[in-house]
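Colleague:
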Amino acid sequence: MSDRIEQVYEYESGLAILIIHNITPQDMGEYTCTATQADLQPSQVEPIQKTISTSTVVDIEGMLKNYSDY
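Numbering (my numbering), first residue to last: 21 to 90.
1) Is the separation between the beta-carbon of Tyr31 and that of Ile37 shorter than 9 Å?
2) At 4 residues or longer, what runs of the alpha helix (DSSP H) sit wholly inside the stretch 24-56?
3) Quick one: is Ile25 buried, meaning 16 or more other Cβ sit within 10 Å of its Cβ, or exposed?
4) Report the residue from Ile43, Ser75 and Gln27 whose alpha carbon sits nearest the alpha carbon of Thr52.
5) Output the distance between the C-alpha atoms of Gly34 and Ile40, rounded to the nearest integer angstrom.
6) Looking at the structure shown, is Ser75 part of a helix, part of a strand, or coil, going by DSSP?
Here is the structure:
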């Protein structure tokens, strides 16, 4: 990952956030977040697998400032 990409996870709410700083047209596209957790229950030998997936499509419109000039 680059220094432009930030992942934030809020444990209490279970909210996962992907932040892309200084976006460019090349950042446009589909992003998928997949979270997997394995829990052991006292009465079970095998872990329970939980997987949650979500996708979003990012479209960038309008003029972008060239921040590399600053």
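Where a beta carbon is used, it is the ideal one built from N, C-alpha and C, also for glycine.
Modeller: On the basis of the coordinates in this document:
1) What you label residue 31 is simply residue 11 of the sequence shown in a count that begins at 1. What you label residue 37 is simply residue 17 of the sequence shown in a count that begins at 1. No Cβ-Cβ contact shorter than 9 Å links Tyr31 with Ile37.
2) Taking only runs of at least 4 residues, no alpha helix (DSSP H) segment lies wholly in the stretch 24-56.
3) Position 5 of the sequence shown holds residue 25. By the neighbour-count criterion, in which 16 or more other beta carbons inside 10 Å mark a residue as buried, Ile25 falls on the exposed side.
4) Looking up residue 52 in the sequence shown gives position 32. It is Ser75.
5) Here residue 34 corresponds to residue number 14 of the sequence shown, with the count starting at 1. Here residue 40 corresponds to residue number 20 of the sequence shown, with the count starting at 1. Each residue's alpha carbon lies about 20 Å from the other.
6) Locating residue 75 in the sequence shown gives position 55, counting from the first residue. Looking at Ser75 - three-state DSSP - the assignment turns out to be strand.
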